[in-house]
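Enquirer: Just so you know, we're using numbering that gives the first Met the number 0 here: the sequence shown kicks off at 0 and counts up by one. All C-beta atoms, glycine included, are put in the ideal place defined by N, C-alpha and C. All values reported here derive from a predicted model rather than from experimental measurement.
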Amino acid sequence: MVAIEPLLRQHSERFGAAEHAFQAPGRVNLIGEHTDYTGGLVMPAAIDFNTVAVVSPAQGSASVIRSVDFQKEFQFDASALPEKPKHDWTDYPAGVLWSLRQSGVVAPQFTMTLKGDVPLGAGLSSSASIEVAVAFAALALAGKSTPLTDVALACKKAENGFVGAQSGIMDQYIACCGVKDHALVIDTRDLSSRAVPLPADVRLVICNSMVKHSHAGGEYNQRRAEVEEGSNALRAANPAVRTERWELRDATLADLEKARTSMSENAFRRCRHIITENARVEEAAAALASGNLRRMGQLMAEAHASYRDDFAASCPEADLLVELAAAQPGVIGARLTGGGFGGCTVNLIEAAQAEAFREGIHAAYLGHAAIDADIYLCQAAAGASELAL
Ligand code: ADP
Ligand code: MG
0 MVAIEPLLRQ
10 HSERFGAAEH
20 AFQAPGRVNL
30 IGEHTDYTGG
40 LVMPAAIDFN
50 TVAVVSPAQG
60 SASVIRSVDF
70 QKEFQFDASA
80 LPEKPKHDWT
90 DYPAGVLWSL
100 RQSGVVAPQF
110 TMTLKGDVPL
120 GAGLSSSASI
130 EVAVAFAALA
140 LAGKSTPLTD
150 VALACKKAEN
160 GFVGAQSGIM
170 DQYIACCGVK
180 DHALVIDTRD
190 LSSRAVPLPA
200 DVRLVICNSM
210 VKHSHAGGEY
220 NQRRAEVEEG
230 SNALRAANPA
240 VRTERWELRD
250 ATLADLEKAR
260 TSMSENAFRR
270 CRHIITENAR
280 VEEAAAALAS
290 GNLRRMGQLM
300 AEAHASYRDD
310 FAASCPEADL
320 LVELAAAQPG
330 VIGARLTGGG
340 FGGCTVNLIE
350 AAQAEAFREG
360 IHAAYLGHAA
370 IDADIYLCQA
380 AAGASELAL
């Protein structure tokens, strides 16, 4: 968690007294990968790593956003925002302002100081955390109160339409709506969710493979295109599902098998991952809720195999981390989390063994891959909030 006091000092030294401060967390997805843009189910938890936005209103025609992490400032006119991304960190706050403006929210000129401790580009959604923190700040400056799901949708629009990453709603939703000590089962079709308590004697341990991924383009968007190809073929093959509301969420494995010859092998496998993954999320929620941690661990292993083999979204380093985790003390389950192609594994670990696990997996990964991994012991945290000044 970013310490607020030093950040307030930095803001007031540069811009004068702060008026508001907001925080929004990163997240780790326990299960449900690439299901959130097909009306499917996901089960993330917000984590105790976050981004903080400190703001105050400004006079004149210039707004300034200062990134403490990048040691850079971005100056612009809040009433005439850039329409095009610059392909750097400024796209996230600019995209949020751009998106909010389309729903009639115009922030007055302001100054903002941003700082985060969510590792960047590690699959823990620093992007949603900065977006949601900026959105909360902009809404407060504009004097608007907005339902959390609308904040999440506005931030998703920023990421899709301005930054250019075709991510689903999961990251922004959990950054807005996370519940302390719980994971959230989110139905991405109707945007409802329910909180599932995480057992008090279980820790979330996140291992960073140190392999960087980038969502703005590349393989993530390619997978989305393959899923779309499969969905279109499924829709065309079955007249009964030719309705506006139909989504891949509604397809069964039998439907997919029937349509197999009308899609590429890649599209078939991507869709098979998504259909089986939705079922795993349901089962995982039930397993967690009833304290059946053994089943939860099996489902995480099955989800990893499906992500690796059918979705082809893993990488050798993540596979190695999952394999090495199985031999460590206190392991309940392990899998690659996030958009894929690198990033982090999520590990459910018995709390009493969390330190031993951290040391064991670090040494094993160093030994096998010669990579010095960052490892984070996390708690499930609450969603975005205003911080008392
Ligand atoms: P992830 O969401 O998995 O961390 P992304 O590639 O989606 O990875 O988003 C990472 C990008 O988000 C960073 O490269 C940076 O541009 C922006 N970002 C995230 N947090 C901050 C921050 N605290 N300050 C400035 N930019 C940030
Ligand atoms: Mg992201």
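Secondary structure at alanine 379, three-state DSSP: helix, strand or coil?
Expert: strand
Enquirer: With 16 other CB atoms within 10 Å as the buried threshold, where does alanine 379 fall?
Expert: By the Cβ neighbour-count rule, alanine 379 is buried, with 16 or more other Cβ atoms within 10 Å of its own.
Enquirer: Report back the beta-carbon spacing between leucine 147 and cysteine 176 to the nearest angstrom; my notes put them in contact at under 8 Å.
Expert: 5 Å
Enquirer: Let me check understanding here. Comparing Cα to Cα, which of Ala362, Gln58, Arg100 and Asn291 lies closest to leucine 138?
Expert: Arg100
Enquirer: Which value, in whole angstroms, describes the spacing of the CA atoms of phenylalanine 73 and tryptophan 88?
Expert: 10 Å
Enquirer: At the level of alpha carbons, what is the spacing between glycine 39 and glutamate 32?
Expert: 9 Å
Enquirer: Just how far apart, CA to CA, sit serine 230 and cysteine 270?
Expert: 8 Å
Enquirer: In the DSSP assignment, find the unbroken beta strand (DSSP E) run with serine 191 in it and report its ends.
Expert: 191-196
Enquirer: Opposite proline 43 in the DSSP bridges: which residues?
Expert: Answer is Asn28.
Enquirer: Taking 8 Å as the CB-CB limit, is arginine 202 close to chain D?
Expert: As a matter of chain content, chain D is missing from the structure shown, which is built from one protein chain.
Enquirer: Between proline 81 and the rest of its own chain, which residues show a CB-CB distance below 7 Å, the 5 nearest in sequence each way excluded?
Expert: Phe75 and Ala93
Enquirer: Does the distance from the CB of alanine 283 to the CB of isoleucine 30 come in under 8 Å?
Expert: yes
Enquirer: Any heavy atom of the ligand ADP closer than 7 Å to the Cβ of phenylalanine 340?
Expert: no
Enquirer: Measure the CB-CB distance between serine 55 and glycine 15 and report whether it falls below 8 Å.
Expert: yes
Enquirer: May I ask you to report which of helix, strand or coil DSSP gives alanine 369?
Expert: Residue state, collapsed to three classes: coil.
Enquirer: Per DSSP, which one or two residues make a beta bridge with lysine 71?
Expert: Ser66
Enquirer: Classify valine 210 as helix, strand or coil using the three-state DSSP reduction.
Expert: coil
Enquirer: State buried or exposed for aspartate 308, treating a residue as buried only when at least 16 other CB atoms are found within 10 Å of its CB.
Expert: exposed
Enquirer: Pull up the CB-CB distance for leucine 117 and alanine 52, whole angstroms please, since I reckon it's below 8 Å.
Expert: Correcting the residue type first, residue 117 is valine in the shown sequence and not leucine. In fact, because the Cβ distance is near 13 Å, the residues do not count as touching under 8 Å.
Enquirer: Check whether the segment 366-377 and the segment 202-210 touch, using three or more Cβ-Cβ pairs below 8 Å as the test.
Expert: yes
Enquirer: Report yes if the C-beta distance between phenylalanine 21 and phenylalanine 135 is below 8 Å; otherwise report no.
Expert: Closer than 8 Å, so yes.
Enquirer: Could you pull out every residue in the same chain whose Cβ sits closer than 7 Å to the Cβ of glycine 359, ignoring the five residues on either side in sequence?
Expert: Around glycine 359: Gln327 and Pro328.
Enquirer: Just checking, does the segment 312-322 make contact with the segment 336-343 on the three C-beta pairs under 8 Å criterion?
Expert: yes
Enquirer: Taking the continuous alpha helix (DSSP H) assigned at leucine 347, which residues delimit it?
Expert: Taken as a continuous stretch (DSSP letters only), leucine 347 belongs to no alpha helix (DSSP H), being part of the beta strand (DSSP E) at 343-349.
Enquirer: Tell me the rounded alpha-carbon separation between serine 192 and asparagine 265.
Expert: 31 Å
Enquirer: State buried or exposed for phenylalanine 69, treating a residue as buried only when at least 16 other CB atoms are found within 10 Å of its CB.
Expert: exposed
Enquirer: Using DSSP with H/G/I as helix, E/B as strand and the rest coil, what is alanine 215?
Expert: Residue placement at alanine 215 is poorly supported in this model, since its pLDDT is 47, which falls under 50; the coordinates are not used for a value here.
Enquirer: Report buried or exposed for alanine 61, applying the criterion of at least 16 other Cβ atoms within 10 angstroms of its Cβ.
Expert: exposed
Enquirer: Could you pull out every residue in the same chain whose Cβ sits closer than 8 Å to the Cβ of alanine 215, ignoring the five residues on either side in sequence?
Expert: With a pLDDT of only 47 at alanine 215, under 50, the local geometry of the prediction cannot be trusted, and no value is derived from it.
Enquirer: Expressed to the nearest angstrom, what Euclidean distance is found between the alpha-carbon atoms of arginine 406 and alanine 17?
Expert: Absent from the structure is residue 406, since the part of the chain shown begins at 0 and ends at 388.
Enquirer: Just to confirm before moving on: does the CB-CB distance between serine 98 and alanine 157 stay below 8 Å?
Expert: yes
Enquirer: On the DSSP bridge assignment, give the partners of histidine 181 in chain order.
Expert: Pro196
Enquirer: CB aspartate 35 to CB isoleucine 173, shorter than 8 Å?
Expert: no
Enquirer: Using the three-state DSSP reduction, which class does proline 92 fall into: helix, strand or coil?
Expert: helix
Enquirer: Check whether the Cβ atoms of alanine 224 and aspartate 170 sit closer than 8 Å, and answer yes or no.
Expert: no
Enquirer: Do cysteine 154 and valine 131 have their beta-carbon atoms positioned less than 8 Å apart in this structure?
Expert: Going by C-beta atoms, valine 131 is nearer than 8 Å to cysteine 154.
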